[in-house]
Each structure stands twice: as structure tokens, then as C-alpha cells.
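Read the structure below first, then the notes.
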Amino acid sequence: MITPLFPEGKKKCLTLSYDDGVTQDRRLVALFNQYHLKSTFNLNSGCFGKCAPANGFAKPVTHNKIEASEVSSLYQGHEIAVHTRTHPHLETLPSEAVAYEIRSDRKQLEKLAGYPVTGMAYPFGTYNDLVLEELKKAGIQYSRTVQSTKTFSIPQNFLCWHPTCHFEDPDRKALTQQFLASDPSSSENTLKLFYIWGHSYELDGNDTWEEIELFCRQVSCQKEVWYATNLEFFNYQTALNRLIFSEDKTIIQNPSALPVWFLANDTLFCLNGGAQICLSDQ
């Protein structure tokens with residue numbers, strides 16, 4: 002039996018995702034860096050430098066956007082991803098406007114990041130079939146929704162990538178405990194993905210900066226957890242899915258460029274990119 006695993010033989014992955022590129026990201030990125038966590042930040046390139054209030058809170062909270070010149074240095078070590086140019090409801094737009102919102106944002110972010118930007122989060126979490134088609138044409142490989150699964154399941158469709166929950170979700174604390182705990186009743190071979198998303202300005206509005214620092218401290222430096230950006234997880238899962246097996250499952254080829262880990266005959270294997278292994282020879 003062959004059991005796929007995360008890098009270094011781990012069975013759990015934590016990934017984070019924060020939207021809008023607001024100035025509160027400066028404090029949040031510093032926290033993530035302090036606790037060696039990785040996040041994906043979804044940015045609106047047409048809104049850089051704009052200032053506005055964040056509504057819906059009992060006290061004044063800003064929704065001020067960072068400057069374009071800050072993107073590369075602020076998010077270094079993390080991932081930046083598309084959130085559309087101006088944050089519209091994509092499902093209300095004609096195909097040409099959807100394409101422009103996605104492609105122009107991607108193009109501008111790639112200039113700032115210096116690498117291909119192929120991830121995304123839907124503004125307001127909304128989309129339709131037309132939007133999905135335009136994503137594919139624009140070269141977007143994954144896109145996050147706002148629909149909580151309350152599980153640690155691996156997504157079946159990365160263009161409709163449903164997270165575990167929002168950071169402010171009342172169930173988040175219990176889910177964190179569940180994710181970190183060893184559950185003898187669960188399958189030994191089940192991989193767990195814990196996906197948290199949110200907006201850093203909400204931490205101002207809800208006075209939850211202490212909460213998120215506690216969360217960071219709680220989940221950091223766990224030996225059994227792989228910490229990844231959304232894109233790192235997508236790329237690794239894609240590499241796992243691309244493994245080629247002989248009929249009797251004794252010969253395995255890895256056509257991708259990434260090394261992948263798996264368990265076979267109670268032995269941990271790391272199969273490098275472009276390599277092949279014959280388990281009967283081991």
C-alpha cells in the first residue's frame with residue numbers, strides 16, 4: 002500500500018490567506034514571520050494607496066491600502082495572489098470585464114513580485130461558470146472561496162477552493178485543537194489541510210490581535226505540520242497527483258520537478274523530481 006505524505010513525511014498542513022492588501026498587513030506579516038508561518042496575500046492592484054474606512058465595526062477602523070512600492074518587501078517569503086484589480090462582484094460583469102479585472106491585476110502583481118502570479122481569491126467569495134472559464138483562460142491555477150468546510154479535507158477542485166474557516170469563525174478555536182490533536186480513531190493515512198482566511202483590518206475592528214498572536218504561538222513549530230503558502234500546497238498536491246504507477250504499483254515515476262514523499266511497506270520514501278523508483282528492489 003502506498004500512502005502519500007506532505008514534505009518530510011508530515012501528515013498535516015497549515016495554510017493561511019488574507020485579502021485586500023491593507024496597511025494592517027504590516028503588523029500581521031510581522032507576526033507570521035515571528036512564528037515562522039506562511040500566508041498568501043490577495044491584492045487589488047487598482048486600489049494601491051487608496052484610503053477608506055472599514056464599515057461594520059463598533060469603532061472607527063481604516064481600510065487603507067498599502068502602496069505598490071511596498072508589495073515586494075512586505076510580502077517577501079509569503080505569496081501574493083490576484084484579488085482582481087478593483088474588487089467587484091465578478092459574477093455581475095460581462096466576460097470582457099471579468100477578463101480585464103483578473104488579467105490586469107495579475108500582470109501588475111507579477112511586475113511587483115518578480116514571479117508568475119497564478120493564485121487568486123474571489124472578491125466577496127462569489128463566482129459563476131463564466132468567471133471560472135475566464136480564470137482558466139487567464140492562467141489562474143487556484144482560487145479561494147469564502148465557503149467554510151469546517152473540515153481538513155483536500156480540495157477536489159482548486160478553482161473552487163473552499164477553506165476550513167474564517168479566522169473569526171466561532172468554531173476556529175475548536176478546529177485548531179482538533180487539527181493539532183492526535184486522534185487515534187482517525188485513519189493513520191489521512192492527510193489534513195487546515196486553511197484559515199481573513200482580513201487583517203478585522204483584527205483592529207474586533208480587537209483580536211491578541212487572539213491571532215495566541216493562534217500563531219499555538220500552531221507554530223509543530224513537528225508534524227508543514228507550513229505552506231496556498232501556491233506551495235497547490236504545487237505539491239499537483240505533483241502528488243501526477244505520480245505514475247505501474248499496474249502492480251511497484252514502479253513509481255515522478256514526472257514533476259518537485260520531490261514528493263510517500264509511505265510504502267512501512268518505509269518513508271522521498272522521490273525526487275524526474276526520478277523513478279522500483280519498490281521491489283528496496
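Here the numbering used here is used: position 153 in the sequence shown is 154, and no number is missing along the way.
Backbone N, C-alpha and C define an ideal beta-carbon position, used for all residues, glycine too.
Coarse secondary structure for residue i, derived from DSSP in three states
| i | result |
| --- | --- |
| residue 252 | strand |
| residue 145 | strand |
| residue 222 | coil |
| residue 286 | Missing from the structure shown is residue 286; the chain here goes from 2 to 283 and no further. |
| residue 268 | strand |
| residue 44 | strand |
| residue 60 | coil |
| residue 49 | coil |
| residue 228 | strand |
Rounded C-alpha distance that separates residue i from residue j
| i | j | result |
| --- | --- | --- |
| residue 23 | residue 203 | 11 Å |
| residue 139 | residue 157 | 20 Å |
| residue 57 | residue 151 | 25 Å |
| residue 3 | residue 118 | 33 Å |
| residue 226 | residue 262 | 14 Å |
Residue i - containing alpha helix (DSSP H), residue span
| i | result |
| --- | --- |
| residue 173 | 173-181 |
| residue 26 | 26-35 |
| residue 197 | Taken as a continuous stretch (DSSP letters only), residue 197 belongs to no alpha helix (DSSP H), being part of the beta strand (DSSP E) at 193-199. |
| residue 262 | Taken as a continuous stretch (DSSP letters only), residue 262 belongs to no alpha helix (DSSP H), being part of the beta strand (DSSP E) at 261-265. |
| residue 122 | Here residue 122 belongs to no alpha helix (DSSP H); instead the beta strand (DSSP E) covers 120-122. |
| residue 239 | 231-242 |
| residue 109 | 96-114 |
| residue 38 | Taken as a continuous stretch (DSSP letters only), residue 38 belongs to no alpha helix (DSSP H), as it is neither H nor E. |
Cβ distance (whole Å) where residue i is taken to contact residue j below 8 Å
| i | j | result |
| --- | --- | --- |
| residue 124 | residue 167 | About 15 Å separates the two Cβ atoms, so there is no contact after all. |
| residue 27 | residue 75 | 6 Å |
| residue 199 | residue 55 | That belief does not hold up - the Cβ atoms of residue 199 and residue 55 are roughly 13 Å apart, past 8 Å. |
| residue 116 | residue 235 | About 14 Å separates the two Cβ atoms, so there is no contact after all. |
| residue 65 | residue 82 | Not quite, the Cβ-Cβ distance comes to about 20 Å (not below 8 Å), so this is no contact. |
| residue 71 | residue 96 | With 8 Å as the limit, residue 71 and residue 96 do not qualify as a contact, their Cβ atoms being about 33 Å apart. |
Residues near residue i by beta carbon distance below 6 Å, same chain, minus five either side
| i | result |
| --- | --- |
| residue 196 | 16, 164, 165 |
| residue 258 | 274 |
| residue 29 | 201 |
| residue 43 | 20, 82, 84, 122 |
Residues near residue i in its chain [Cβ-Cβ closer than 8 Å; skip 5 each side]
| i | result |
| --- | --- |
| residue 250 | 3, 280 |
Host beta strand (DSSP E) of residue i (start-end)
| i | result |
| --- | --- |
| residue 13 | 13-20 |
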